[in-house]
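Participant: Chains F and A supply the protein sequences, listed in that same order.
If you read the first sequence in numbering that gives the first Met the number 0, its first letter stands for residue 0, the second for the next number, and so on.
If you read the second sequence in numbering that gives the first Met the number 0, its first letter stands for residue 0, the second for the next number, and so on.
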Amino acid sequence: MSNHVLTCNNVGIRFGGLQAVQDFNLQIEDGELIGLIGPNGAGKTTVFNLITGVYEPTEGEILLAGTNIIGKMPHQIVRYGIARTFQNIRLFDHLSVLDNLKVAANKDMRYSIFSGMFRLGNFWREEDEIKDKAIEILDIFGMSKHANKLARSLPYGEQRKLEIARAMATDPKLLLLDEPAAGMNPTETDELMDTIMLIRNEFGITTLLIEHDMRLVLGICERLMVLNYGKVLAEGNPHDIVNDQSVIEAYLGKGE
Amino acid sequence: MSRNKRLIYLINIGLVLILFAILTILEASGVFTRYTMSILRLVCINVVLATSLNVTVGNLGQITLGHAGFMSIGAYTAGLFAKGVEIGGQNGYLIGILLAGICAGIFGIIVGIPVLRLKGDYLAIVTLAFGEIIRVLIEYFDFTGGAQGLNGIPRMQNFSVMFFLAVICVTLMYSVMTSRHGRAVLAIREDEIAAQSSGINITYYKTFAFTLSAFFAGIAGAMYAHNIGTIGASVFNYNKSFDILVMVVLGGMGSFTGAVISATVLTIVPETLRQFNDYRMIIYSLLLIMVMLFRPEGLLGRKEFHITKVVDKIKTKFGKHSVEGGS
Numbered sequence: 000m001s002n003h004v005l006t007c008n009n010v011g012i013r014f015g016g017l018q019a020v021q022d023f024n025l026q027i028e029d030g031e032l033i034g035l036i037g038p039n040g041a042g043k044t045t046v047f048n049l050i051t052g053v054y055e056p057t058e059g060e061i062l063l064a065g066t067n068i069i070g071k072m073p074h075q076i077v078r079y080g081i082a083r084t085f086q087n088i089r090l091f092d093h094l095s096v097l098d099n100l101k102v103a104a105n106k107d108m109r110y111s112i113f114s115g116m117f118r119l120g121n122f123w124r125e126e127d128e129i130k131d132k133a134i135e136i137l138d139i140f141g142m143s144k145h146a147n148k149l150a151r152s153l154p155y156g157e158q159r160k161l162e163i164a165r166a167m168a169t170d171p172k173l174l175l176l177d178e179p180a181a182g183m184n185p186t187e188t189d190e191l192m193d194t195i196m197l198i199r200n201e202f203g204i205t206t207l208l209i210e211h212d213m214r215l216v217l218g219i220c221e222r223l224m225v226l227n228y229g230k231v232l233a234e235g236n237p238h239d240i241v242n243d244q245s246v247i248e249a250y251l252g253k254g255e
Numbered sequence: 000m001s002r003n004k005r006l007i008y009l010i011n012i013g014l015v016l017i018l019f020a021i022l023t024i025l026e027a028s029g030v031f032t033r034y035t036m037s038i039l040r041l042v043c044i045n046v047v048l049a050t051s052l053n054v055t056v057g058n059l060g061q062i063t064l065g066h067a068g069f070m071s072i073g074a075y076t077a078g079l080f081a082k083g084v085e086i087g088g089q090n091g092y093l094i095g096i097l098l099a100g101i102c103a104g105i106f107g108i109i110v111g112i113p114v115l116r117l118k119g120d121y122l123a124i125v126t127l128a129f130g131e132i133i134r135v136l137i138e139y140f141d142f143t144g145g146a147q148g149l150n151g152i153p154r155m156q157n158f159s160v161m162f163f164l165a166v167i168c169v170t171l172m173y174s175v176m177t178s179r180h181g182r183a184v185l186a187i188r189e190d191e192i193a194a195q196s197s198g199i200n201i202t203y204y205k206t207f208a209f210t211l212s213a214f215f216a217g218i219a220g221a222m223y224a225h226n227i228g229t230i231g232a233s234v235f236n237y238n239k240s241f242d243i244l245v246m247v248v249l250g251g252m253g254s255f256t257g258a259v260i261s262a263t264v265l266t267i268v269p270e271t272l273r274q275f276n277d278y279r280m281i282i283y284s285l286l287l288i289m290v291m292l293f294r295p296e297g298l299l300g301r302k303e304f305h306i307t308k309v310v311d312k313i314k315t316k317f318g319k320h321s322v323e324g325g326s
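1) Counting only beta-carbon atoms, is F47(F) nearer than 7 angstroms to chain A?
2) Are there 16 or more other CB atoms within 10 angstroms of the CB of G203(F), so buried, or fewer, so exposed?
3) When you compare the stretch 241-254 of chain A with the stretch 89-99 of chain A, are there three or more beta-carbon pairs, one atom per stretch, that lie closer than 8 angstroms?
4) Taking 7 angstroms as the threshold (beta carbon to beta carbon), is V110(A) in contact with chain F?
5) Quick one: list the residues of chain A neighbouring R214(F), beta-carbon separation under 8 angstroms, in chain order.
6) In terms of DSSP beta bridges, what is L17(F) paired with?
7) Taking only the alpha-carbon atoms, compute the straight-line gap between V42(A) and R13(F) and give it to the nearest angstrom.
8) Closer than 8 angstroms is the cut-off here; do at least three beta carbon pairs connect the stretch 193-209 of chain F with the stretch 27-38 of chain F?
9) Between L173(F) and Y79(F), what straight-line distance do the alpha-carbon atoms span, to the nearest angstrom?
10) Should Q195(A) be flagged as near chain F, meaning a C-beta pair shorter than 7 angstroms?
11) So, for S143(F): in the same chain, excluding its five sequence neighbours on each side, which residues have a beta-carbon less than 8 angstroms away from its beta-carbon?
12) With R182(A) and G60(A) assumed to form a contact (beta carbons below 8 angstroms), what rounded beta-carbon distance in angstroms separates them?
13) So, does the CB of M142(F) fall closer than 7 angstroms to a CB anywhere in chain A?
14) Take every Cβ of the stretch 201-210 of chain A, pair it with every Cβ of the stretch 75-82 of chain A, and state whether three or more of those distances are shorter than 8 angstroms.
15) For a contact defined as C-beta to C-beta under 9 angstroms, what are the partners of Y54(F) on chain A?
16) For S174(A), which residues in chain F fall below 8 angstroms Cβ to Cβ?
17) Hey, could you find the ends of the alpha helix (DSSP H) R89(F) is sitting in?
18) Determine contact between the stretch 69-87 of chain F and the stretch 195-204 of chain A, defined as no fewer than three beta-carbon pairs at a distance below 8 angstroms.
19) Go ahead and label G16(F) buried or exposed: buried means 16 or more other beta carbons lie within 10 angstroms of its beta carbon, across all protein chains shown.
20) Grouping DSSP H, G and I as helix and E and B as strand, with all else coil, what is T205(F)?
21) I believe R134(A) touches S51(A) by the beta-carbon criterion, under 8 angstroms. Please report the beta-carbon distance rounded to the nearest angstrom.
22) Excluding the 5 residues preceding and the 5 following G107(A) in the sequence, name in chain order all residues of the same chain whose CB lies nearer than 6 angstroms to its CB.
23) Thinking E58(F) and N9(F) are a contact (beta carbons under 8 angstroms), I'd like their distance in whole angstroms, please.
24) Could you confirm whether any beta carbon from chain A is found closer than 7 angstroms to the beta carbon of K172(F)?
25) If you draw a straight line from the alpha carbon of C168(A) to that of F215(A), how long is it in whole angstroms?
26) With DSSP collapsed to three states, give me the class of M0(F).
27) When we look at the beta-carbon of G104(A) and count the other beta-carbons within 10 Å, is it buried (16 or more) or exposed?
28) Are at least three pairs of beta-carbons, each pair with one atom in the stretch 224-241 of chain A and one in the stretch 281-292 of chain A, less than 8 angstroms apart?
29) For chain F, is any of its Cβ atoms less than 7 angstroms away from the one on A123(A)?
30) Rounded to a whole number of angstroms, what is the C-alpha to C-alpha distance between V290(A) and A180(F)?
31) Can you confirm whether the stretch 181-195 of chain F touches the stretch 152-166 of chain F when touching is taken to mean that 3 or more C-beta pairs between the two stretches lie within less than 8 angstroms?
32) So, V231(F) versus I240(F), is the Cβ gap smaller than 7 angstroms?
33) When burial is assigned at 16 or more other CB atoms within 10 Å of the CB, is G325(A) buried or exposed?
34) Are I96(A) and I218(A) close, meaning C-beta to C-beta below 7 angstroms?
35) Can you tell which of Y34(A), G300(A) and I306(A) has its C-alpha closest to the C-alpha of L156(A)?
36) For A208(A), which residues in chain F fall below 8 angstroms Cβ to Cβ?
In structure tokens, the structure reads:
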């Protein structure tokens, strides 16, 4: 029980008459790499939005390492150690790659507005520290050559990677990736799989990802969870899941 | 601080001093008339106004049309302070200006917290209304002199003081906007949702940018009040807000150097065109239309004008190696 990074107990949310997510139970252990799949509109992204505080659940509780995080603002939840990426890339387009990461590291910086205005000692010290840290992360992702380019000038695959790098700059315990491989070609997907494995193996960061690309899901996830109409349909070993009759029906419909 | 950075700082300080020296020499030698000097003082005020609005419009990415409101709060604070408290001279002037900034900043917080929940057109309309409310209130109360305005504010028309005040204001705004706080504000402009999930407290930083903007607008208002000696609420109507907004848009939203350049140009051009009085506004409008047609992102876009980049460019043009790694 103690090494559960995230626990969702009977989490549900209702938008007016629509029950978007119902009785969602999830326990993620430290260092796990879990896939969340399901047909379109199943409520996968809603689950992400519930965990990151964008929506407040109408039922249930969400515990991060034992602390209830319901009712916390999204920026506070980042401080607790949950970082995420988005289905449609959301970068700070007109900031440099380096600045994208520095923004994410802002929560760990302490110098005051006054220090920033008058360029006092701790401004220079912290700015140097944060630059080194950002470069370090970019190095891991093989992106330090882009450091001073504008984020929007990067090719699509690199932008996806930058979004993950930015999430990493917040020092998360738990990383939520929302369709990281969307729109990628097979080579880019392979590279992405390597990156995700690297994050897990090098930093031991627990990862929960939504994905439609089954090659990626089967290639790296240790456990799968299938969501349909806001309910958990099946859960377990990836290879059992894809052969599960109810899952196949959810995706393809029932044969006559 | 690396040696390279220190060099850039020194170059910039040097350039400001050179500019100041040139202007002083021109004044002393009589090339600049008293009329020219009065325009240059106005330039100083408008530069502070435009750069301060740039913080909200360019850096935070929210259009506000009530900037003249904050300016008027600053102007009246400084005016009433100077008349009520008998600290004459430079010190009184500087204290009054600081007070004006603080007062406008407080209003910035009070107005900002509820209003910044809105975005885009809605925010523009609400701030427009706010600016008008301030104006009407100033005309309503007696202690502000009512509709007759405030007369007999001690004049402070020392160009050197105003020039360096403007330089200091712009520098402070620029340095805070390139610190971590400024980065957070820029991130909100780029993508609010992403900023929030990167740990940025949106409400805090929006209010921060808005307040900073109001603070320096208040300072500009105070400089204006002391420069002109007589203020009336009707000066600070929405036309004034639009004038400032035009300066920011023309210079390039998000560019401090752009705002400085366009504030300078847009103050000088209408004045030099005074001899063609009938066509003045036509030429002015045509100029604006031309710029928006050919450079819709403004003169400098989001970029800043860096003297070091120019030097680098010139060096590469003449076949010399750029200075990189040379330190």
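Each residue gets a CB set at the ideal place from its N, CA and C atoms; glycine is no exception.
Facilitator: On the basis of the supplied data:
1) F47(F) does not count as touching chain A.
2) Here G203(F) is exposed: its Cβ has fewer than 16 other Cβ atoms, across all protein chains shown, within 10 Å.
3) The answer is no - the stretch 89-99 of chain A does not touch the stretch 241-254 of chain A, with fewer than three Cβ pairs under 8 angstroms.
4) False, the Cβ-Cβ gap to chain F never drops below 7 angstroms.
5) The contacting residues do not exist; R214(F) stays about 27 angstroms from chain A at best.
6) Beta-bridge pairing links L17(F) to F14(F).
7) If you take the alpha carbons of V42(A) and R13(F), they lie about 57 angstroms apart.
8) Segments in contact, yes.
9) L173(F) and Y79(F) have their C-alpha atoms spaced approximately 10 angstroms apart.
10) It does: the Cβ of Q195(A) has a partner Cβ on chain F nearer than 7 angstroms.
11) Excluding residues within five positions, the ones whose Cβ falls inside 8 angstroms are I134 and L137.
12) Their Cβ separation, rounded to whole angstroms, is 14 angstroms, which puts R182(A) and G60(A) out of contact at 8 angstroms.
13) Under the 7 angstroms criterion on CB atoms, M142(F) is classed as non-interfacial with respect to chain A.
14) Taking a cut-off of 8 angstroms for Cβ pairs, the stretch 201-210 of chain A and the stretch 75-82 of chain A do not touch, as fewer than three such pairs fall below it.
15) Against Y54(F), chain A offers no close residue; the least beta-carbon distance is about 13 angstroms (beta-carbon pairs closer than 9 angstroms).
16) The answer, in chain order, is G115, M116, F117 and R118.
17) R89(F) -> no alpha helix (DSSP H), and no H or E assigned at all.
18) With a cut-off of 8 angstroms, the stretch 195-204 of chain A and the stretch 69-87 of chain F count as touching, because enough Cβ pairs lie within range.
19) Exposed, because fewer than 16 other Cβ atoms sit within 10 Å of the Cβ of G16(F).
20) Three-state DSSP puts T205(F) in a strand.
21) At roughly 19 angstroms, the Cβ-Cβ gap does not stay under 8 angstroms, so R134(A) and S51(A) are not in contact.
22) Hits under 6 angstroms: F209, T210 and A213.
23) Under the criterion of beta carbons closer than 8 angstroms, E58(F) and N9(F) qualify as touching, at roughly 6 angstroms.
24) In terms of beta-carbon proximity, K172(F) stays away from the interface with chain A, with every pair separated by 7 angstroms or more.
25) One C-alpha to the other measures close to 7 angstroms.
26) Any reading at M0(F) must be qualified, since the residue scores a pLDDT of 47, below 50, and its modelled position is unreliable; the value itself is stated next. Coil.
27) So G104(A) counts as buried.
28) Cβ pair count under 8 angstroms is below three, so no.
29) Among the CB atoms of chain F, none fall inside 7 angstroms of the CB of A123(A).
30) Straight-line Cα distance between these residues: approximately 42 angstroms.
31) Contact annotation: the stretch 152-166 of chain F touches the stretch 181-195 of chain F, with at least three C-beta pairs closer than 8 angstroms.
32) In this structure, V231(F) lies away from I240(F), with their beta-carbon atoms at least 7 angstroms apart.
33) Below a pLDDT of 50, predicted positions are generally treated as unreliable, and G325(A), at 32, falls in that range; the measurement from the model is reported next regardless. With fewer than 16 other Cβ atoms inside 10 Å of its own Cβ, G325(A) counts as exposed.
34) Less than 7 angstroms separates the beta-carbon of I96(A) from that of I218(A).
35) Checking the sequence shown, residue 156(A) turns out to be Gln, not Leu. Answer by Cα proximity: Y34(A).
36) Neighbours of A208(A) on chain F: none; closest Cβ ~11 angstroms, over 8 angstroms.
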